[in-house]
Every structure is written in C-alpha cells, then in structure tokens.
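A.B. asks: Dropping the structure in here first, questions after.
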Amino acid sequence: MKYGIARLIDPADLMAALYAFAVAMALGLVLLFVALVVQKLIVERSRRLEEAAYERLVAHFTSDIGAEAPQLEPEQATERRALSRALARFNRRGHSGAVTNDSAQDGLIRYLQRDTRHSHWGRRTAALEALGRLQIDSLLPFFKDFAAQEPDRRVFAAALSAAARLCRTTEDLRDLAALLISKHALSRSFNESVLFLAFDTMCQAGTGNDAAVAFVNGLPLKHELLADAIAAASRCNLRDTLPLLERICADPYTSLTLRLTAIRAVGRLQPDHPLLETALRDTSWEARAVAAGHLQSHRAGAIEGLRHALRDTNFHVRRNSADALLRMGEPGIAVLKQMLESDDRFARDASRSALDQKEHDGG
Amino acid sequence: MADSIATFLIVFQLFVLGYFALINIIYLLVMVYAFRTVNSGTAASVDVEQLGARLGDAHLRPLSVLIPAFNESATILSTTESVLAARYPGIEVLIIDDGSRDDTLQQLITHFDAVPVDVTVRRVLEHKPVLGTWRSRTHPNLTLVSKENGGKADALNTGIEMARYPLVCTIDADSLLEPDALLRLGQQFSYDRKLVAVGGTVRVLNGCRVKDNRIVDVRAPRSIVECVQAAEYTRSFLSGRVAWHTFRSLLIISGAFGIFRKDILLAVGGYRKTVGEDMDLVVRIHRHCVDNKIPYEVGFVPEPVCWTQVPTDLRSLLEQRNRWQRGLFDSLWHNRVMFLNPKYGVIGMLGFPYFVFVELLGPVVEFIGYAGFVFFVLLGWVSGPIAALFFTVAVLLGMGLNAAAVLIDNLILHRYPRILDALRIALFGSLEFLGFRQLITVERLIGTFQITKTRWGQIRRHAIRSGD
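For the record, the sequence lines run as chains B and H. Numbers 1 to 363, taken from the working numbering, label the letters of the first sequence in order. Numbers 364 to 831, taken from the working numbering, label the letters of the second sequence in order.
Here it is in structure tokens:
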C-alpha cells in the first residue's frame with residue numbers, strides 16, 4: 001500500500017525528480033567552488049594592478065626632486081582607485097591634486113564624473129571623493145548640482161564634503177548652507193563638520209577669513225544652521241564672531257541649544273571672557289556646567305563664581321567647577337583646599353575628588 | 364485506520380516539504396538581496412587611509428566603550444589593548460568586572476597601572492552595587508569598575524550609568540577590534556540623525572595571526588567545528604543582517620559589537636536580565652520608539668569588523684546554541700505584543716513573525732521532520748531511497764547556501780587573502796549540514812523547553828597570543 005505523497009505522485013517519478021534535483025545541486029555546488037577559485041584569481045590580479053599604480057603615485061608624491069607626474073590610465077578603474085587612495089594620503093600633507101598633465105587630468109575628470117552616475121552608491125561616493133581631492137575650483141558648480149539632485153544621503157554627504165573644500169566666498173557658503181538644510185536626515189555634527197571644512201579651507205587659503213565671518217554673522221538668530229555654524233567658526237578660531245555670540249547669550253528668547261553652543265564657542269575662543277562668569281549663574285544647569293567646563297580666568301570674579309558653583313545643586317556643575325579650579329593652578333587649588341572644610345557635603349566631595357585626581361595624576 | 368494514516372502522512376509530508384521549501388526560498392532571496400546591497404556600497408568601503416581623510420575633519424560624537432568581563436583573564440588584556448588602539452576622536456573605555464572569581468581585575472590593575480578613584484554613580488538603572496573604581500595612569504581614558512556578580516546585562520547597565528559620552532559601544536571581552544571599526548560605525552550617526560543603534564560584523568578570530576593585539580593575517584580556523592562557525596557567521600552577518608536591515612526589520616545587534624545612543628538606552632531602561640540580552644534590547648528599542656512615536660533607525664554596516672573567539676569544542680558550541688535559543692524565546696515572549704501587530708509596521712508583520720516561525724520554531728519543525736522521516740522509514744511507510752534522496756537534496760542545498768555566502772564574502776570583501784583558506788571555510792563550513800546542524804537542532808530544541816533556566820554555561824576561552 002502507498003502512503004503519504006506516494007499516493008499523490010508516482011514513487012518512480014518522485015525518485016527521478018529528487019535525483020535530478022540532487023544532481024543539479026551537486027553540480028551547482030561544484031560550480032560554486034570553481035567560481036570561488038576563479039574570482040579569487042581575478043580579485044588578486046586587480047589588487048596587484050592597483051597596488052602597482054599606487055606605488056607609482058606614492059613615489060611621485062614623496063619625490064624630493066620634483067619627479068615628473070606619472071602616466072595614469074584613467075580608463076582603468078584600478079588606476080582611478082589608486083589615485084583616490086594616494087590623494088587621500090597626500091592631500092592631508094598639503095599636496096594638491098595636480099598629479100597629471102592637463103590633458104590626462106581632463107580624461108581623469110571625465111571618467112570620474114561618469115562614475116558619479118553609477119548605480120552603486122559606493123562607486124558614486126568614491127568617485128566624488130576622488131574628484132574632491134583633485135581640488136579643482138571649476139568643479140564647484142558640478143558638486144552643487146550633483147548634491148541638489150542626489151537622493152542617497154551618503155552620496156549627498158560626499159558631494160557636500162567635496163563642495164566644502166572648494167568654497168571661497170560668502171555666496172559659496174550660503175549655497176552650501178542651503179544644500180545642508182535641504183536634507184534633514186543628516187545630523188548636526190555632520191553639518192558642523194562640513195562647515196568647519198569650508199571655513200578651514202578658506203582660512204588656510206588666506207582669503208576667506210572675512211567671508212566666513214560675514215557668513216556666520218549674516219545668519220538670522222532663528223536659522224537652523226546657526227548653532228552648527230558658530231560651533232564650526234569657534235573650532236576655526238574665528239574670533240570676530242564673538243560679538244554675535246555675546247548677542248546670542250544676551251537674548252532671552254534664544255533656545256537653550258543655541259545658548260549652550262554659544263557659551264561653548266566663547267569658551268573655545270576666549271576662555272577668560274566675562275560672559276562665562278555670567279553664565280555660571282544661568283538658570284539652566286547645562287549652561288552653568290558648560291561655562292564651568294571652559295572658564296580659565298584668574299580674575300577674582302571667576303574664582304568666586306567657581307567657588308559658589310562648587311555648592312551647585314547639579315553634580316556636573318560641581319565637578320566641572322572643581323576641575324576648572326584645578327586647572328587654574330595655585331589660586332584654584334587653595335580654594336579647593338578651603339572647601340574641604342565647607343559645611344556643604346557636596347562641595348566637600350567635589351573638592352576632595354578633584355584634589356585626589358591631582359594626586360593620582362602626580363601633579 | 365489505513366486511510367487515517369495515509370491522510371496524516373500526506374499532511375505531515377506536505378507540511379515538512381512546504382516548510383523546507385519556504386525557508387530555503389527565504390534564505391536564497393535574502394542572500395541575493397544582501398549581495399546586491401553589499402555590492403552596491405563596496406567601493407565606499409575604503410581603506411584606513413581614505414577613511415581617515417574622509418573623517419579627519421568630522422566632528423564625531425564621543426563614545427564610551429563598555430567591556431563587561433566575568434572570568435576573562437585569558438583575553439581581557441588583548442581586548443582592552445585593541446580597543447585603546449582603535450582610531451576614534453573622543454573615546455573612553457570602561458571595563459566592568461562582574462565579580463570575577465579569577466584574576467581578571469588584578470591583571471587589569473597591574474597592567475594598566477590603575478589607581479582607585481572616587482566616581483559617583485547615579486542609580487538610574489537596576490544593577491548590583493559597585494565595589495570600587497580605578498583609573499589607569501598610563502591611559503587616563505580607561506576606567507575599571509568592580510561590582511558584585513549580577514550577569515552580563517547587570518554589568519552593562521552599570522557601564523551605561525557610568526558612561527560619560529552620548530554614544531555607547533558594547534564589546535565582548537574575548538574580541539579584537541579592527542583599528543578603524545569604531546570610526547566606520549560611529550560615522551553612521553553623522554549621516555543619519557534618526558539613527559539610535561548600529562551594529563557591525565563579527566567574524567571568527569580563531570586561526571588568525573595576531574601581533575600586538577591586531578590581526579595581521581586573516582587565516583581560516585584549524586578545526587571543523589571552528590570552520591563551521593566561520594561559515595555560519597559569514598552567512599548570518601553578510602546576508603541575514605544586511606537584508607533584514609534593508610527591510611527595516613533588524614531585530615538583533617550582536618552583543619559583541621554595536622553602538623547605541625545612550626539616551627535611548629536609558630529610555631528603555633537599559634538591558635533586561637536575560638540570557639539573550641542583546642536581541643532583547645534591540646527589540647525593546649523598536650517597541651519603545653514605535654510606542655512613543657519617535658522617528659528612528661536601527662542600522663547595520665557590514666564592513667567594520669570585530670573579531671571574536673568562537674567555541675573550539677562541540678560541547679561549548681552546543682551550550683552556546685542552547686543559550687541563544689533560550690534568549691531568543693525569552694525576548695520574543697517578552698515582546699509578544701509586537702507579533703503580527705500592524706502598529707509595529709514591517710517589524711510586527713514581517714521581522715518578528717520571521718523570528719518566531721523560522722528562528723524559534725525552526726528547530727522544532729526540523730526535528731519533527733528528521734524524526735518523522737526516520738520513524739516512517741522504519742515502519743516502511745516511506746520508501747528508504749526517497750527519504751535518503753530528500754535528505755541529500757536538503758544537505759546539498761544547505762552546502763550550496765554556505766558556499767555561496769563564502770563566495771560572496773570573497774567577491775566583495777575578500778577578507779581571506781589565501782585561496783586555500785577561503786576554500787577551507789567553504790568546504791569544511793559546508794560540512795555543517797552533515798551532522799553539526801542536526802546536533803545543534805536537537806540542542807536548540809532542548810533549549811526551547813528550558814526557558815526558565817538562566818545559566819550561561821561554560822565556554823572555554825583561550826588567550827589571544829601574538830603569532831596565533
């Protein structure tokens with residue numbers, strides 16, 4: 001008697017089907033192993049070619065006698081990848097992207113621009129990064145147009161980073177800002193880093209300091225990039241933004257986020273600024289903690305403010321104040337020692353913790 | 364009677380065949396989809412030099428790395444050194460000794476010249492009391508914490524409370540980080556402001572050559588047990604997680620390597636004390652964000668790699684799989700409200716049911732399939748040759764999936780530079796389906812019915828030596 005599926009399908013047919021399937025699977029498995037060997041050989045060959053091209057470029061960049069630019073074959077993907085790697089390594093040491101003669105460079109740009117239209121987001125990103133590292137001013141409109149149309153945020157980020165390196169004027173920065181706020185998915189830290197990249201490039205070129213300051217000062221107080229812009233400006237040490245920062249801190253209607261960023265920026269630009277002493281009495285504990293974390297001043301008002309902050313209700317304010325007094329040296333340490341006798345347990349703990357830390361650090 | 368048996372057999376065999384066909388089709392689709400996804404981004408997975416150039420000016424959010432340790436004296440120094448050597452601007456490392464009975468803590472104190480410090484711990488999350496804290500004099504960003512034994516989740520909760528930075532990374536104490544792994548993972552938070560958690564790939568450390576706590580030569584493991592796991596990890600991370608992430612249904616970030624936003628960890632109440640705390644956390648993050656209408660993303664990036672030791676003996680492997688199954692069951696049961704619940708969108712309707720029907724119930728159905736066929740062959744109700752052929756097809760299909768995963772891994776990421784190593788993993792890894800898988804199925808089945816057990820089991824650790 002037949003049981004199970006054998007009642008539905010003839011056992012002989014079932015056997016034949018299973019046998020055929022098993023043979024097909026076994027053949028497929030063998031093919032997979034053959035494919036593994038073949039692709040391994042192809043990958044290794046491609047890697048060897050890329051390494052050779054990379055070594056040629058490295059030799060060019062490290063040559064002290066101004067060796068002739070190497071002959072690149074931009075139509076080869078391995079050569080383009082090697083160039084991108086070499087530029088990543090040597091751009092950071094001040095080398096420009098000029099590695100080939102003009103006609104070869106035109107070919108290179110053409111191929112890289114073609115790669116920016118590739119369906120794989122990784123290829124588009126890599127091509128944009130390579131193009132950006134060539135540092136060719138005339139490519140700025142290309143990057144802007146590209147970013148405006150790119151749906152993938154990773155590729156969009158690469159296009160913006162490339163554009164940031166080519167910003168020269170306040171107008172360029174405004175365009176960059178418009179692109180940044182067009183994609184809300186990107187984080188504030190990314191916005192800040194792109195603006196920093198742009199400001200830093202402009203400042204290093206020696207022509208863009210005023211343009212960067214004009215851009216930051218020109219942003220309305222409600223602009224969503226203002227906090228990122230002032231943070232980036234403070235990292236570039238743009239001290240001419242201080243009046244704006246003072247205005248932000250004085251305005252009772254600014255958001256806490258913006259006020260915190262402004263206090264932090266003041267702390268970076270001028271750690272003995274009186275504004276930080278005022279911020280020690282802010283209604284927000286976060287503002288007090290940030291101010292205490294940045295304040296470095298020997299003025300009597302600052303020392304008194306930090307002494308008072310050691311009794312703050314918030315742990316972070318007390319801790320940052322104790323650290324600030326410790327950084328101050330002798331006058332601050334004297335205050336910490338006095339506070340060991342305080343009637344406030346929290347002030348005693350914060351002072352003891354800071355002094356212990358100093359002892360452990362061998363100071 | 365005969366008719367009843369016949370009907371039962373038809374239903375049974377159709378069910379087993381249907382299930383078999385369905386999960387293999389899912390595996391195939393997931394693999395094809397994952398291949399397309401990973402391949403699409405592979406050119407952006409640049410070397411360290413390019414990554415450094417790309418991120419050199421980036422303002423990455425600072426990161427606290429938490430390493431929970433319980434009796435990890437064999438590996439803890441290597442793991443800590445590898446994390447301290449990782450490239451990332453703004454990093455602190457917290458090692459939480461969970462009441463080890465060996466000299467884990469003493470080794471750390473001596474090796475890193477640590478001195479006692481007074482650290483205030485705010486009790487926001489549930490955990491056992493902290494017994495002491497030390498700070499390294501050689502690495503000021505390294506803090507050692509000693510606490511009463513309370514389990515891995517308890518140790519991680521302590522670490523979350525003590526972490527100073529807005530991002531928290533968890534790493535197992537028997538792992539080695541690649542120098543750029545934190546950069547690659549941390550940068551994801553810059554590109555996506557909705558990102559709350561992101562996981563990286565975990566690969567098998569066994570067999571690799573290590574120098575100064577860094578992998579200098581990626582090699583295949585020596586034993587079959589380890590090769591099976593190497594292939595399994597490749598398949599799981601490179602296809603399963605990539606695809607589920609793309610479907611916005613990633614329910615697990617390995618406890619061995621993941622980064623989370625600290626505010627979200629505090630919001631969900633930290634880790635829950637269960638043996639599958641890593642999966643449970645991610646499921647609760649999904650649940651919390653949907654319940655509170657928080658826009659969020661849980662990410663996965665295939666390229667940043669953490670190398671971890673896997674069990675070298677079968678007994679430890681079975682213990683581990685038993686624990687994973689218990690953890691899976693507990694997590695799914697604890698969050699059962701999400702099951703087929705449209706409120707949770709694609710996770711509730713696709714990701715969660717997949718984990719229930721394929722991952723949780725898979726061993727049960729598989730076992731019934733194996734046992735049923737053997738039983739019916741013995742009774743003469745199913746022809747022996749047909750059963751044998753069916754088993755052969757199943758094994759070959761499994762071997763094909765494994766080999767394809769290794770092939771894809773080599774095609775896109777080519778982590779194993781030697782052809783013999785790749786072949787070894789593909790070949791030995793494929794042997795999983797000739798015995799290993801059946802044993803693991805039985806162990807997972809046992810684990811399914813041991814849900815109340817909370818023991819972790821013993822896994823033998825080996826020191827990570829230079830030249831290994």
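By construction, the Cβ of each residue, glycine as well, lies at the ideal position given by its N, Cα and C atoms.
Taking C-beta pairs closer than 8 Å, name the residues in chain B that D555 (chain H) reaches, listed in chain order.
C.D. replies: On the second sequence, position 192 is the one that residue 555 (chain H) refers to. The answer, in chain order, is R153, A185, L186, S187.
A.B. asks: What number of angstroms, rounded off, separates the C-alpha of A148 (chain B) from the C-alpha of S499 (chain H)?
C.D. replies: Here residue 148 (chain B) refers to the residue found at position 148 of the first sequence. Here residue 499 (chain H) refers to the residue found at position 136 of the second sequence. Computed Cα separation, rounded: 49 Å.
A.B. asks: Would a check of beta-carbon distances place L628 (chain H) closer than 8 Å to chain B?
C.D. replies: Residue 628 (chain H) sits at position 265 when you count from the first residue of the second sequence. Closer than 8 Å: no.
A.B. asks: Enumerate, from N- to C-terminal direction, the unbroken alpha helix (DSSP H) stretches of 4 or more residues contained entirely within the segment 240-326 of chain B.
C.D. replies: 242-250, 256-269, 274-279, 285-294, 300-309
A.B. asks: Assuming contact is defined by CB atoms lying nearer than 8 Å, are R80 (chain B) and Y111 (chain B) in contact in what I supplied?
C.D. replies: Translated into positions along the first sequence, residue 80 (chain B) becomes position 80. Translated into positions along the first sequence, residue 111 (chain B) becomes position 111. Contact flag set, yes.
A.B. asks: Taking 8 Å as the cut-off, does the segment 568-580 of chain H touch the segment 473-490 of chain H (at least 3 CB pairs, one atom from each stretch)?
C.D. replies: no
A.B. asks: Within a Cβ cutoff of 8 Å, which residues of the same chain sit near A347 (chain B), ignoring the five residues on either side of it in sequence?
C.D. replies: Locating residue 347 (chain B) in the first sequence gives position 347, counting from the first residue. Contacts found: L310, R311, R318, M339.
A.B. asks: Using DSSP bridges, identify the partner residues of R566 (chain H).
C.D. replies: Taking the second sequence and counting its residues from 1, the one referred to as residue 566 (chain H) is at position 203. H:W670, per the DSSP bridge assignment.
A.B. asks: Using only alpha-carbon positions, find the residue among B:F33, B:W285, B:L226, B:L57 that is nearest to L72 (chain B).
C.D. replies: Along the first sequence, read from residue 1 onward, the residue named residue 72 (chain B) stands at position 72. Nearest option by C-alpha distance: B:L57.
A.B. asks: Rounded to whole angstroms, what's the CA-CA distance from L494 (chain H) to V482 (chain H)? Just pull it up for me.
C.D. replies: Locating residue 494 (chain H) in the second sequence gives position 131, where the first residue counts as 1. Locating residue 482 (chain H) in the second sequence gives position 119, where the first residue counts as 1. Their Cα atoms are separated by approximately 11 Å.
A.B. asks: Exposed or buried, P879 (chain H), counting other C-beta atoms within 10 Å across all chains shown (16 or more means buried)?
C.D. replies: As shown, chain H starts at 364 and ends at 831. That puts residue 879 (chain H) outside it, with no answer to give.
A.B. asks: Find out if the Cβ-Cβ distance for the pair G563 (chain H), P667 (chain H) is shorter than 8 Å.
C.D. replies: Along the second sequence, one-based indexing puts residue 563 (chain H) at 200. Along the second sequence, one-based indexing puts residue 667 (chain H) at 304. In this structure, P667 (chain H) lies closer than 8 Å to G563 (chain H) by Cβ.
A.B. asks: Taking the alpha-carbon positions, what's the I389 (chain H) to G761 (chain H) distance?
C.D. replies: By 1-based counting over the second sequence, the position of residue 389 (chain H) is 26. By 1-based counting over the second sequence, the position of residue 761 (chain H) is 398. Using only the alpha carbons, I get a separation of about 13 Å.
A.B. asks: Does the distance from the CB of P665 (chain H) to the CB of L601 (chain H) come in under 8 Å?
C.D. replies: Taking the first residue of the second sequence as 1, we reach residue 665 (chain H) at position 302. Taking the first residue of the second sequence as 1, we reach residue 601 (chain H) at position 238. In contact: P665 (chain H) and L601 (chain H) (Cβ atoms closer than 8 Å).
A.B. asks: Just to confirm my understanding: we take R324 (chain H), look at its own chain, exclude 5 residues before and 5 after, and list those with CB closer than 6 Å. What are they?
C.D. replies: Here chain H covers residues 364 to 831 and nothing more, so residue 324 (chain H) does not appear.
A.B. asks: Using 8 Å as the limit for Cβ to Cβ distance, is S321 (chain B) near chain H?
C.D. replies: Residue mapping note: residue 321 (chain B) aligns to position 321 of the first sequence, counting from 1. No - not a single Cβ of chain H is within 8 Å of the one on S321 (chain B).
A.B. asks: Mind reading off the beta-carbon distance from I459 (chain H) to T521 (chain H)? Whole number of angstroms is fine, and I expect it under 8 Å.
C.D. replies: Residue mapping note: residue 459 (chain H) aligns to position 96 of the second sequence, counting from 1. Residue mapping note: residue 521 (chain H) aligns to position 158 of the second sequence, counting from 1. With a Cβ gap of about 5 Å, I459 (chain H) and T521 (chain H) count as contacting.
A.B. asks: Are the CB atoms of A768 (chain H) and F33 (chain B) nearer to each other than 8 Å?
C.D. replies: Residue 768 (chain H) sits at position 405 when you count from the first residue of the second sequence. Residue 33 (chain B) sits at position 33 when you count from the first residue of the first sequence. In this structure, A768 (chain H) sits away from F33 (chain B), with a CB-CB distance that is not shorter than 8 Å.
A.B. asks: Just the C-alpha distance for E489 (chain H) and Y19 (chain B), rounded to the nearest angstrom, thanks.
C.D. replies: Numbered from its first residue, the second sequence carries residue 489 (chain H) at position 126. Numbered from its first residue, the first sequence carries residue 19 (chain B) at position 19. About 59 Å.
A.B. asks: Just the chain B side, please: which residues come within less than 7 Å of P748 (chain H) by C-beta, in chain order?
C.D. replies: As a working mapping, residue 748 (chain H) is identified with position 385 in the second sequence. Going along chain B in sequence order, the residues near P748 (chain H) (Cβ under 7 Å) are M15.
A.B. asks: Step through the CB atoms of chain B and report whether any lies within less than 8 Å of the CB of R424 (chain H).
C.D. replies: By 1-based counting over the second sequence, the position of residue 424 (chain H) is 61. With 8 Å as the cut-off, R424 (chain H) counts as an interface residue toward chain B.
A.B. asks: Under 9 Å, CB to CB, which of the residues in the segment 282-310 of chain B have a partner in chain H?
C.D. replies: none
A.B. asks: So does N434 (chain H) have its beta carbon nearer than 7 Å to some heavy atom of the ligand HEM?
C.D. replies: The ligand HEM is absent from the structure shown, which contains no ligand whatsoever.
A.B. asks: In the DSSP assignment, what residue or residues form a beta bridge with D460 (chain H)?
C.D. replies: Here the question's residue 460 (chain H) lines up with position 97 in the second sequence. D460 (chain H) is bridged to H:A432, H:S509.
A.B. asks: Report the neighbours of V480 (chain H) on chain B: residues whose CB is nearer than 9 Å to its CB, in chain order.
C.D. replies: Here residue 480 (chain H) corresponds to residue number 117 of the second sequence, with the count starting at 1. Those within 9 Å of V480 (chain H) in chain B are S353, D356, Q357, H360.
A.B. asks: Less than 8 Å between the C-beta atoms of K557 (chain H) and P658 (chain H), yes or no?
C.D. replies: Looking up residue 557 (chain H) in the second sequence gives position 194. Looking up residue 658 (chain H) in the second sequence gives position 295. Yes.
A.B. asks: Look up E489 (chain H) in the DSSP assignment and say whether it is helix, strand or coil.
C.D. replies: Translated into the one-based positions of the second sequence, residue 489 (chain H) becomes position 126. Of the three classes helix, strand and coil, the one that applies to E489 (chain H) here is coil, per DSSP.
A.B. asks: Measuring only the C-alpha atoms, how far is L221 (chain B) from D172 (chain B)?
C.D. replies: Counted from its first residue, the first sequence places residue 221 (chain B) at position 221. Counted from its first residue, the first sequence places residue 172 (chain B) at position 172. Their backbone Cα atoms lie some 20 Å apart in a straight line.
A.B. asks: So V737 (chain H) and G747 (chain H) are supposed to be a Cβ contact under 8 Å. How far apart are they, rounded?
C.D. replies: For the purposes of this step, residue 737 (chain H) is taken as residue 374 along the second sequence, with counting starting at 1. For the purposes of this step, residue 747 (chain H) is taken as residue 384 along the second sequence, with counting starting at 1. Wrong, their Cβ atoms sit about 10 Å apart, outside the cutoff.
A.B. asks: CA-CA distance, V480 (chain H) and T313 (chain B)?
C.D. replies: For the purposes of this step, residue 480 (chain H) is taken as residue 117 along the second sequence, with counting starting at 1. For the purposes of this step, residue 313 (chain B) is taken as residue 313 along the first sequence, with counting starting at 1. Going from the Cα of V480 (chain H) to the Cα of T313 (chain B) covers about 22 Å.
A.B. asks: Would you say the segment 782-795 of chain H touches the segment 45-53 of chain B, given that touching needs at least three Cβ pairs under 8 Å?
C.D. replies: no
A.B. asks: Assuming I454 (chain H) and T442 (chain H) are in contact, meaning their beta carbons sit under 8 Å apart, how far apart are those beta carbons, in whole angstroms?
C.D. replies: Position 91 of the second sequence, counted from the start, is the residue given in the question as residue 454 (chain H). Position 79 of the second sequence, counted from the start, is the residue given in the question as residue 442 (chain H). About 15 Å; that fails the 8 Å criterion.
A.B. asks: Which residues in chain B have a C-beta closer than 8 Å to the C-beta of F753 (chain H)? List them in chain order.
C.D. replies: In the second sequence, counting from the first residue as 1, residue 753 (chain H) sits at position 390. The contacting residues are L18.
A.B. asks: Please tell me whether M762 (chain H) has its Cβ less than 8 Å away from any Cβ of chain B.
C.D. replies: Taking the second sequence and counting its residues from 1, the one referred to as residue 762 (chain H) is at position 399. True, the Cβ-Cβ gap to chain B drops below 8 Å.
A.B. asks: Give the DSSP-derived three-state secondary structure of R498 (chain H) in the structure shown.
C.D. replies: Stepping through the second sequence from its first residue, residue 498 (chain H) is reached at position 135. Three-state DSSP puts R498 (chain H) in a strand.
A.B. asks: Under the DSSP definition of a beta bridge, which residues are partnered with R572 (chain H)?
C.D. replies: Counted from its first residue, the second sequence places residue 572 (chain H) at position 209. Per DSSP, H:D580.
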